[in-house]
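Trainee: There's a structure below that I have some questions on.
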Amino acid sequence: MVATVSLNAQSVVVITGSSRGLGLEFVRQLLDTTESHVVATARDPQKADALTALAKQQPDRLKLVALDTGDESSIKAAAKEVASLYSGVDLLINNAGIDEGVETPVLELDAATYEKILKVNVVGPYLVTRTFVPLLLKRNTRTVVQMSSGLGSITRNRLGMTDPEKNPVGNKWIAYNASKAALNMQSSVFANELKKDKFCVVSLEPGWVDTDMGGGNARKMGMEKAPTDAHHSISTMLKTIQQLSIKDSGEFLTIDGNKMDY
Numbered sequence: 156m157v158a159t160v161s162l163n164a165q166s167v168v169v170i171t172g173s174s175r176g177l178g179l180e181f182v183r184q185l186l187d188t189t190e191s192h193v194v195a196t197a198r199d200p201q202k203a204d205a206l207t208a209l210a211k212q213q214p215d216r217l218k219l220v221a222l223d224t225g226d227e228s229s230i231k232a233a234a235k236e237v238a239s240l241y242s243g244v245d246l247l248i249n250n251a252g253i254d255e256g257v258e259t260p261v262l263e264l265d266a267a268t269y270e271k272i273l274k275v276n277v278v279g280p281y282l283v284t285r286t287f288v289p290l291l292l293k294r295n296t297r298t299v300v301q302m303s304s305g306l307g308s309i310t311r312n313r314l315g316m317t318d319p320e321k322n323p324v325g326n327k328w329i330a331y332n333a334s335k336a337a338l339n340m341q342s343s344v345f346a347n348e349l350k351k352d353k354f355c356v357v358s359l360e361p362g363w364v365d366t367d368m369g370g371g372n373a374r375k376m377g378m379e380k381a382p383t384d385a386h387h388s389i390s391t392m393l394k395t396i397q398q399l400s401i402k403d404s405g406e407f408l409t410i411d412g413n414k415m416d417y
């Protein structure tokens with residue numbers, strides 16, 4: 156049976172999209188509140204000032220690795236580099252994502268933007284997970300966390316048709332919403348496929364967080380800021396992640412570990 160995620164001195168965590176926002180806050184809090192080793196990936200991590208500063212402070216525990224989720228060769232090279240640093244990976248957090256075109260009316264979004272969002276938010280996590288499975292198999296924890304969104308809940312979108320307060324975004328952000336719904340399905344399929352190997356694969360909803368992405372969208376909607384700050388979001392999710400076990404595999408979970416409707 157898969158072990159509950161223990162972020163101790165022997166554990167290795169890989170995070171995509173670590174240069175800013177939730178990814179960067181994951182790195183900070185993993186270093187501050189756990190003993191785990193952290194592999195922070197980004198397209199060009201050496202240009203991410205906050206990441207490089209953290210790496211200088213904790214060179215033994217934080218490694219920066221270039222990984223472009225839209226480039227399969229980059230993903231393979233990153234996995235090879237991680238394999239040269241550590242004997243395996245305990246926890247993979249697929250965090251990288253984009254939300255372009257959110258201001259475009261549903262019937263006017265161009266195909267190129269739609270395809271780009273699907274490539275980054277769906278195909279990218281698929282390729283990263285597939286490529287890192289051999290490294291995850293070398294450890295007992297074998298946990299994959301996909302950063303999803305409540306906007307990917309088809310149930311919530313349907314409820315919003317009769318009760319707008321249950322889906323305040325309404326039918327905006329069609330490509331982003333569809334990408335997160337697809338990511339949730341992907342998590343479920345991975346959970347079924349990897350069940351025999353005792354993996355735990357979950358989609359996790361971080362809340363509407365006041366990052367560059369979430370806060371920017373909140374302001375576009377006339378709000379002063381998004382409802383949740385990054386520190387609270389990540390600290391709560393880390394508690395949830397450390398309680399995961401194989402019985403949770405395939406679930407779509409809220410920030411604090413409650414089941415969310417697909």
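Using the numbering used here, the letters of the sequence shown map in sequence onto residues 156 to 417. Where a beta carbon is used, it is the ideal one built from N, C-alpha and C, also for glycine. Please read these numbers as outputs of a predicted model, since none were measured by experiment.
Identify every run of the beta strand (DSSP E) within the segment 226-279, keeping only runs that are complete inside it and at least 3 residues long; order them along the chain.
Mentor: 246-249
Trainee: Am I right that Val237 and Val169 are in contact with their C-beta atoms under 8 Å? What's the rounded C-beta distance?
Mentor: In the sequence shown, counting from the first residue as 1, residue 237 sits at position 82. In the sequence shown, counting from the first residue as 1, residue 169 sits at position 14. Indeed, because the Cβ distance is near 6 Å, the residues count as touching under 8 Å.
Trainee: Give the DSSP-derived three-state secondary structure of Met445 in the structure shown.
Mentor: This structure leaves residue 445 out entirely; the chain is present only between 156 and 417.
Trainee: Assuming the contact rule is C-beta atoms closer than 8 Å, Leu162 and Gln397 should be a hit. Round their C-beta distance to whole Å, please.
Mentor: Translated into the one-based positions of the sequence shown, residue 162 becomes position 7. Translated into the one-based positions of the sequence shown, residue 397 becomes position 242. At roughly 6 Å, the Cβ-Cβ gap stays under 8 Å, so Leu162 and Gln397 are in contact.
Trainee: To the nearest angstrom, how far is the alpha carbon of Gly176 from that of Leu206?
Mentor: For this step, residue 176 is matched to residue 21 along the sequence shown. For this step, residue 206 is matched to residue 51 along the sequence shown. Distance between the alpha carbons of Gly176 and Leu206: 11 Å.
Trainee: Looking only at its own chain, which residues have a Cβ that is under 6 Å from the Cβ of Ser404, when we skip the five neighbours before and after it?
Mentor: Here residue 404 refers to the residue found at position 249 when the sequence shown is read from its first residue. Cβ neighbours of Ser404 within its own chain (closer than 6 Å, five residues either side excluded): Ala346, Cys355 and Val356.
Trainee: For Gly362 and Thr409, I'd like the C-alpha separation in whole angstroms.
Mentor: Your numbering for residue 362 matches position 207 in the sequence shown. Your numbering for residue 409 matches position 254 in the sequence shown. Cα to Cα, the separation comes out at about 8 Å.
Trainee: Locate the beta strand (DSSP E) running through Ser358, then write down its first and last residues.
Mentor: Taking the first residue of the sequence shown as position 1, residue 358 is located at position 203. Counted as a single uninterrupted DSSP element, the beta strand (DSSP E) harbouring Ser358 occupies residues Cys355 to Leu359.
Trainee: Quick one: measure Cβ to Cβ for Leu186 and Gln213, integer angstroms, because I've assumed they're closer than 8 Å.
Mentor: As a working mapping, residue 186 is identified with position 31 in the sequence shown. As a working mapping, residue 213 is identified with position 58 in the sequence shown. Indeed, because the Cβ distance is near 5 Å, the residues count as touching under 8 Å.
Trainee: Beta-carbon separation of Val160 and Leu393 under 7 Å?
Mentor: Taking the first residue of the sequence shown as 1, we reach residue 160 at position 5. Taking the first residue of the sequence shown as 1, we reach residue 393 at position 238. No, these two residues do not count as a Cβ contact at 7 Å.
Trainee: Measure from the alpha carbon of Leu262 to the alpha carbon of each residue in Leu247, Thr286, Trp328 and Lys231, then state which is nearest.
Mentor: As a first step, residue 262 must be located in the sequence shown, where it is residue number 107. Looking at the Cα atoms, Trp328 is the closest of the given residues.
Trainee: How should Lys202 be labelled, buried or exposed, when 16 other C-beta atoms within 10 angstroms of its C-beta is the threshold for buried?
Mentor: Your numbering for residue 202 matches position 47 in the sequence shown. By the 16-neighbour rule on beta-carbons within 10 angstroms, Lys202 is exposed.
Trainee: Less than 8 Å between the CB atoms is what I'm expecting for Met302 and Leu359, so what's the real figure, rounded?
Mentor: The residue labelled residue 302 in the question sits at position 147 within the sequence shown. The residue labelled residue 359 in the question sits at position 204 within the sequence shown. Yes, Met302 and Leu359 are in contact; Cβ-Cβ is about 6 Å, under 8 Å.
Trainee: Below 8 Å on the Cβ atoms is my contact criterion, and I expect Val244 with Val167 to pass it. Report the Cβ-Cβ distance as a whole number of Å.
Mentor: What you label residue 244 is simply residue 89 of the sequence shown in a count that begins at 1. What you label residue 167 is simply residue 12 of the sequence shown in a count that begins at 1. The pair is a contact, with the Cβ atoms about 5 Å apart (cut-off 8 Å).
Trainee: Give, in chain order, every unbroken run of the alpha helix (DSSP H) that is at least 4 residues long and sits entirely within the segment 188-228.
Mentor: Counting only runs of 4 or more, we get 204-212.
Trainee: Check whether the segment 329-340 and the segment 188-198 are in contact - that is, three or more C-beta pairs closer than 8 Å.
Mentor: no
Trainee: Quick one, which of Ser174, Glu190 and Phe181 has its alpha-carbon nearest His386's?
Mentor: Your numbering for residue 386 matches position 231 in the sequence shown. Of Ser174, Glu190 and Phe181, the residue nearest in Cα terms is Phe181.
Trainee: Quick test of your reading: Leu306 and Arg297, contact by CB under 8 Å. State the CB separation rounded to the nearest angstrom.
Mentor: Here residue 306 corresponds to residue number 151 of the sequence shown, with the count starting at 1. Here residue 297 corresponds to residue number 142 of the sequence shown, with the count starting at 1. That belief does not hold up - the Cβ atoms of Leu306 and Arg297 are roughly 28 Å apart, past 8 Å.
Trainee: At a cut-off of 6 Å, would you count His387 as near the ligand COA, judging by its Cβ distance to the nearest heavy atom?
Mentor: Absence of the ligand COA from the depicted structure is noted, as is the absence of any ligand whatsoever, leaving it without description.
Trainee: Do Lys351 and His401 count as a contact pair if the criterion is CB distance below 7 Å?
Mentor: For the purposes of this step, residue 401 is identified with residue 246 of the sequence shown, where counting begins at 1. For the purposes of this step, residue 351 is identified with residue 196 of the sequence shown, where counting begins at 1. Sequence check: residue 401 is Ile here, not His. Not a contact, by the Cβ cut-off of 7 Å.
Trainee: Whole-angstrom Cβ separation of Ile309 and Ala337, contact assumed at under 8 Å?
Mentor: Counting from one through the sequence shown, the residue named residue 309 turns up at place 154. Counting from one through the sequence shown, the residue named residue 337 turns up at place 182. With a Cβ gap of about 11 Å, Ile309 and Ala337 do not count as contacting.
Trainee: Measure how close the beta-carbons of Gly172 and Asn276 come, nearest whole angstrom, since I'm counting them as under 8 Å.
Mentor: On the sequence shown, residue 172 is found 17 positions in, with the first residue counted as 1. On the sequence shown, residue 276 is found 121 positions in, with the first residue counted as 1. Actually they are not in contact, since the Cβ atoms of Gly172 and Asn276 sit about 11 Å apart, beyond 8 Å.
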